[in-house]
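Trainee:
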Amino acid sequence: MTAIVENKPAYDGKELDLSGKSGARAFKNVLATVLIVAAFVIALIPLIWILWTVVSKGYHLLLSADWWSQSQRGVTVRREGGGAYHAIMGTLIMALITAVIAVPIAVLGAVYLVEYGKGTKAARAVSFMVDILTGVPSIVAALFIYAVWITIFGFNRVGFAVSLALVLLMLPVVLRSTEEMLKLVPDELREASYALGVPKWKTILKVVVPTAFGGIVTGVMLGLARVMGETAPLLILVGYSKNINLNPFDGFMGALPTMINQDRTELALQPAADRVWSAALTLILLVLALNLLARLVARFSTIKSK
Amino acid sequence: MSSPDGTEPPDRPAEPAASGGEPRIEDVVDTTGPAAVHFETLTDENDDGRPAAPEPEESKKKLDLGPVGHLGDRLFSGLAHGSGGLVVVIVAFVGIFLLALAIPSLADNNTSFLFSRVWEPGGSDPKFGIAALFYTTIISSIIAMLIAVPIAIGVALFVTYYAPRRIATPVAHAVDLLAAVPSIVYGLWGLLFFAPILLPVINGLSAALGWIPLFEKPIGDNVGVIFTISVVLAIMILPVVTAISREIFAQTPIAHREGALALGSTKWEMIRMAVLPYGRSGVTSAAMLGLGRALGETVAVMIILTVPNGNDPWNSSIFAGGETFASKIANNAAEFDTPEKTGAFIAAGLVLFVVTFLVNSAARLIVARSAPGAKRPRRNRRATEGASV
Amino acid sequence: MFVNRLVRVGSVAVASLGVLALSACGSDPEPSGSSSPSTGSSSTGAECPQGTLNAEGSSAQKNAIEEVISKYNESCDKVTVNYNPTGSGAGIKQFNNGQVDFAGSDSALKTEAKDGGESEAAQAAKRCATNPALNLPMVIGPVAIAYNVDGLPKLVLDGATAAQIFQGTVKTWNDPAIAKLNAGVTLPSAPISVFFRSDESGTTENFTKYLKAAGGAAWKGEPAKKWTGTGAGKEKSAGVAEGVKSTKNSITYVEWSYAVDNKLGVAQIDNGSGAPVELTAETAGKALAAAKPAGTGSDLSMKLDYATKEAGAYPIILVTYEIACSKGLPAEKTALVKSFLTYFAGKDGQGALTELNYAPLPEEIRTKVDAAIQTIS
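Laid out in structure tokens, this is it:
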């Protein structure tokens, strides 16, 4: 009995460890604590190191307005100046197109899995296919789109082709997270809606999806964050341009990962090295902004009832 | 994803078996009046429901008229089914296209695709096999896992049960942020800053364990080796594995934890007896997801790993260079100048695809079989709850 | 109510994304060259067309063409030129598929068919509406044998020794073969770490051509884009340069500019003339001047003499050709290609290359190239 009284407030306290245990057990406990803290420290070292590298080497270019408003046109690896506007826009445009294509399919697919197909063979087949899609490495997705878009249709390499490859990568992420969120919607809500005679589609649109909305948005943002940092599809499916090109259907297009890839070949030169780390930091900040946005949206739209 | 109160297991039956009551209700709604289609006159049924104001009225009408809206239902159900079908079609397309492109090359291949280590596609005597690629891909990912998973578990335990909340939350967010660092940055960092400091580690390990072929170091001070890439991959997958493990550990039912403590166990014993068993399957699946990511990692591997030349005898040591499927494809993507050559690389991509898929399905299988959270809806599994601990 | 929230949240999300995307209105930077005493803008800018020119190919000329594009834009700022340094093979493939307007390649279009298909030249002619494509030698990139050995500021190699090192038959730095060429220098007894290009590259092809021609029996493989010697592979020029930079007692072959930028030692080549030849723009140009044209008439592809014994000629050079249609492109593209290549082959364009560690075209060849460009129509 006393043990409970003593231990209960001590989830995060240390005085608990030493009270009345045998030597070996106390030792094991201390050892485990040490190991766990050590794991934490070991993990932190490289992670902080990477972030520190990127931030310390990349922040100063980000402070200039040019970085956010100019392209790299005419700026060679030996010269300073220019910005990442072309690459930021390219990344955002491709991400936006990806989202526009992937999100409806993913959400509707999840609705199918949770609301319509539940338990049927067809649903299991779809679920299985989603698993396969989850396992597609980005390079394979890029090869597939290359085979279709360029080898078979004979189109040019354009930003849109990259978006198509990214759809393949984003679709399963969003579909799975949406599915999980829809499953969390209590059946009572659906039943109440049905009991009022609301047709199923309206129940889904007005009750189920809004209830899970915050979670769905979070999933979308995380999916976007995932695909924005992808390099392999960009290497294979679109040429890099230092110039501003906002048309995803024509011409080469800059993007942050390919901007890094372009300048990383000249890391011995200071201007190029600066741009590499700054572009990396910009990409991380964009993804961070999306994550914050997702949290914000989730907070605004979460339904408190459970 | 995470419920703020970690103690209640989410009430979501992962298995279709638990869906007992619901379809019946749907059936009732769906099938009561198939003949009532001619009531389908309400135009606002057909739009997507944006006008919010008439909503209550609408429902009243519906109550009066009985179940209507079959057109809307059909449309929406069609869309949903269509999307599900589209996923199937997409995956089938991916598979068929890749196979179609790979098969002619495979047919022309003059050596064993699975067991040869030669890679000379194209030309008049195409020879290519994936044995070396397969070995490097698998061994680097497995070592990455061996390093990352214990550390990730440690970090997850630290964040959930050891650190004060003031520290835990920012740390958790910081680790999440690292998942956002693009892989090319990991690659550059690994090449420029991290690999050089690994040289003493490599020398030490090979001095101690060099009698095992796996740890035998070839001459020279090359740090662009499988071991280096394994460590970098471990760092890359650490955030993912940590994030998932953290969520799982946080969901350990409070009753289990308090029960263990009440029996006088130390904190470690509580974790070993309550938290770890509860989280085992979740952590396994997290590890598998990390493994999947490590297998498919492209740019970081391509930047760091050195490629052995074709003349030296093949070296199985982790202190030698190598090529993974993804790095091989990406490194040679610029030279896909003939369909035969392209096909050979696509065939390699297919193998990677299959391997990654197997890993992912293994993860899902493990979760489905023994996930405590998924299998224990409060309502009807109470009886089994105690037994499984 | 739910719909309200849906609309509200949706619009918040869209608006935030929009703000993120459109917060700044982008522009091109001011041409930085205008402030520096550049010789641009003065000549050639006769008539400037407008439009976008896409090109792709050799990574060996990446720095050269980027500099020239930058200079070109100072006089013709309405033209956008994109160059993707993905590799010679990729450049030719994209050119033949009509994806780019001209290609850069480290070797001229091959006239013999391979794999039972059409030859590169035939495919290119098809792409140019049955007009032959021109091989215009444009950039001379010397290939350096770059090394990293402490206390060894100068290293002399000849063809045979280089071939032995890269073949793997000479394994240590103090091997008698190296010592003989470097009398009076203490060479370390350390093993030689060789780095090679793991991607297929024109640099490898040209370097192995040199090893084959000058190394004799010491080099066993055939010249090819794929490395057949010893060593550890690194990705692209940047990779091998970085590998040598970070690894003691290592050696590689890499474009000169990478060796200079990474502050690597560059071996002098004893081509048999008696005195070792240091790598300079001048010595590399001399080797090209000794080269003979491989074709006739307007075909300007060069046959390099890698085994040249001419005094003061640095034999390992790589010529990057611009491959363009002689006829058959749409009129506006033709004007763009012509305008840009004219500038590239002009004195201003070539003059920009020396400081980037390329060699300018010898005047005699330059005038021929220029004449060929003027025939494009």
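Chains as they are written, first to last, in this note's numbering: chain A, 172 to 477; chain B, 25 to 413; chain C, 11 to 387. Where is the CB? At the ideal position from N, CA and C, for every residue including glycine. Predicted, not measured: the structure shown is a model, and the values here were computed from it.
How far does the alpha helix (DSSP H) with Gly249 (chain C) in it extend, from its first residue to its last?
Mentor: That run of the alpha helix (DSSP H) goes 246-256.
Trainee: When the cut-off is 9 Å and only beta carbons count, does Leu138 (chain B) lie next to chain C?
Mentor: False, the Cβ-Cβ gap to chain C never drops below 9 Å.
Trainee: Closest to Ser109 (chain B) by C-alpha separation, out of A:Val319, A:Met424, A:Leu284, A:Val274, would be which residue?
Mentor: Checking the displayed sequence, the identity of residue 109 (chain B) turns out to be Gly instead of Ser. Comparing Cα-Cα distances from Gly109 (chain B) to each of A:Val319, A:Met424, A:Leu284, A:Val274, the minimum goes to A:Leu284.
Trainee: Using a Cβ-Cβ cutoff of less than 7 Å, which residues in the same chain neighbour Leu212 (chain B) once the five nearest sequence positions on both sides are dropped?
Mentor: Around Leu212 (chain B): Ile327.
Trainee: Taking buried to mean at least 16 other C-beta atoms within 10 Å of its own C-beta, is Ser384 (chain C) buried or exposed?
Mentor: The sequence given here places Gln at residue 384 (chain C); Ser does not occur at that position. When all chains shown are included, Gln384 (chain C) counts as exposed.
Trainee: What's the C-alpha gap between Ala439 (chain A) and Val264 (chain C)?
Mentor: The alpha-carbon atoms of Ala439 (chain A) and Val264 (chain C) are separated by roughly 14 Å.
Trainee: Would Thr214 (chain C) count as contacting chain B if we go by Cβ distances under 9 Å?
Mentor: By this cut-off, Thr214 (chain C) is not an interface position.
Trainee: Quick one: grab the DSSP three-state call for Pro206 (chain B).
Mentor: Here Pro206 (chain B) sits in coil by DSSP.
Trainee: To the nearest angstrom, report how far apart Ile75 (chain C) and Leu355 (chain A) are at their CA atoms.
Mentor: Between Ile75 (chain C) and Leu355 (chain A), the C-alpha separation is close to 57 Å.
Trainee: With a threshold of 16 other CB atoms inside 10 Å of the CB of Ile278 (chain B), please say whether the residue is buried or exposed.
Mentor: Label assigned to Ile278 (chain B): exposed.
Trainee: Flag Lys357 (chain C) as yes if its beta-carbon sits less than 9 Å from any beta-carbon of chain B, otherwise no.
Mentor: Not closer than 9 Å to any Cβ of chain B, the Cβ of Lys357 (chain C) fails to qualify, so no.
Trainee: At a CB-CB cut-off below 8 Å, which residues of chain A make contact with Leu122 (chain B)?
Mentor: Val311, Leu314, Phe315, Ala318, listed in chain order.
Trainee: Report all residues from its chain with a CB closer than 8 Å to the CB of Ala469 (chain A); omit the five preceding and five following residues, and keep chain order.
Mentor: Excluding residues within five positions, the ones whose Cβ falls inside 8 Å are Gly385, Gly386, Val388, Thr389.
Trainee: With DSSP collapsed to three states, give me the class of Leu395 (chain A).
Mentor: Three-state DSSP puts Leu395 (chain A) in a helix.
Trainee: Listing by chain order, which chain C residues have their CB less than 7 Å from the CB of Asp132 (chain B)?
Mentor: The contacting residues do not exist; Asp132 (chain B) stays about 10 Å from chain C at best.
Trainee: Where Cys138 (chain C) and Val118 (chain B) are concerned, what is the direct C-alpha to C-alpha distance, given to the nearest angstrom?
Mentor: Roughly 34 Å separates the two Cα atoms.
Trainee: Looking only at DSSP bridge pairs, what is Gln278 (chain C) linked to?
Mentor: C:Val166.
Trainee: Give every residue of the same chain whose Cβ lies closer than 7 Å to the Cβ of Asp149 (chain B), excluding the five residues on either side of it in the sequence, and list them in chain order.
Mentor: Once the five neighbours on either side are set aside, the close Cβ partners of Asp149 (chain B) are Asn134.
Trainee: Answer with buried or exposed for Thr121 (chain C), where buried requires no fewer than 16 other C-beta atoms within 10 angstroms of its C-beta.
Mentor: Thr121 (chain C) comes out exposed.
Trainee: At the 9 Å Cβ level, is Tyr331 (chain C) part of the contact set with chain A, yes or no?
Mentor: Answer no: the Cβ-Cβ gap between Tyr331 (chain C) and chain A never drops below 9 Å.
Trainee: Report the partner residues of Trp143 (chain B) according to the DSSP bridge assignment.
Mentor: Trp143 (chain B) is bridged to B:Phe152.
Trainee: Give the interface partners of Ser203 (chain C) over in chain B, defined as CB-CB distance under 8 Å, in chain order.
Mentor: Per Cβ cutoff of 8 Å: Gly244, Asp245, Asn246.
Trainee: Can you look up Gln241 (chain A) in the DSSP assignment and give me helix, strand or coil?
Mentor: Looking at Gln241 (chain A) - three-state DSSP - the assignment turns out to be strand.
Trainee: Within the same chain, show all residues whose beta-carbon is closer than 7 Å to that of Pro220 (chain B), passing over the 5 residues directly before and after it, in chain order.
Mentor: Cβ neighbours of Pro220 (chain B) beyond the five flanking positions: Val247.
Trainee: Buried or exposed: where does Glu245 (chain C) fall if 16 or more other Cβ atoms within 10 Å of its Cβ makes it buried?
Mentor: When all chains shown are included, Glu245 (chain C) counts as buried.
Trainee: Here's a check: name, in chain order, each residue in its chain whose Cβ is nearer than 7 Å to the Cβ of Met392 (chain A), leaving out the five neighbours to either side.
Mentor: Excluding positions up to five away in sequence, the list reads Leu461, Asn462, Leu464, Ala465.
Trainee: Counting only the same chain and skipping the five closest in sequence on each side, list residues whose C-beta sits under 7 Å from that of Ser364 (chain A).
Mentor: Hits under 7 Å: Thr374, Val378.
Trainee: Give the list of continuous alpha helix (DSSP H) stretches no shorter than 4 residues that lie fully inside the region 384-458 of chain A.
Mentor: 384-399, 403-408, 427-434, all fully within the region 384-458 of chain A.
Trainee: Please confirm if the region 314-332 of chain B is in contact with the region 253-270 of chain B, defined as three or more CB-CB distances below 8 Å between the two stretches.
Mentor: At 8 Å Cβ cutoff, the stretches touch.
Trainee: Give the interface partners of Thr224 (chain A) over in chain B, defined as CB-CB distance under 8 Å, in chain order.
Mentor: Neighbours of Thr224 (chain A) on chain B, chain order: Trp213, Phe217.
Trainee: Taking Phe205 (chain C) as part of the beta strand (DSSP E), name the residues at either end of that continuous run.
Mentor: Its beta strand (DSSP E) spans residues 203-207.
Trainee: Straight-line CA distance for Ile272 (chain A) to Asn356 (chain B)?
Mentor: Approximately 30 Å, taken between the alpha carbons.
Trainee: On the three-state DSSP scale, how would you describe Ala300 (chain C)?
Mentor: It is coil, neither helix nor strand.
Trainee: Sorted by chain position, which residues of the same chain lie with C-beta nearer than 7 Å to Leu328 (chain C)'s C-beta, five sequence neighbours on each side aside?
Mentor: Answer for Leu328 (chain C): Ala70, Asp116, Gly151, Val153, Gly212, Thr213, Asn216, listed in chain order.
Trainee: For Ser260 (chain C), report the span of its alpha helix (DSSP H) as first-last.
Mentor: Element bounds for Ser260 (chain C): not the alpha helix (DSSP H) but the beta strand (DSSP E), 260-265.
Trainee: Give a yes or no on whether the C-beta atoms belonging to Pro201 (chain C) and Gly275 (chain C) are separated by under 9 Å.
Mentor: Contact: no.
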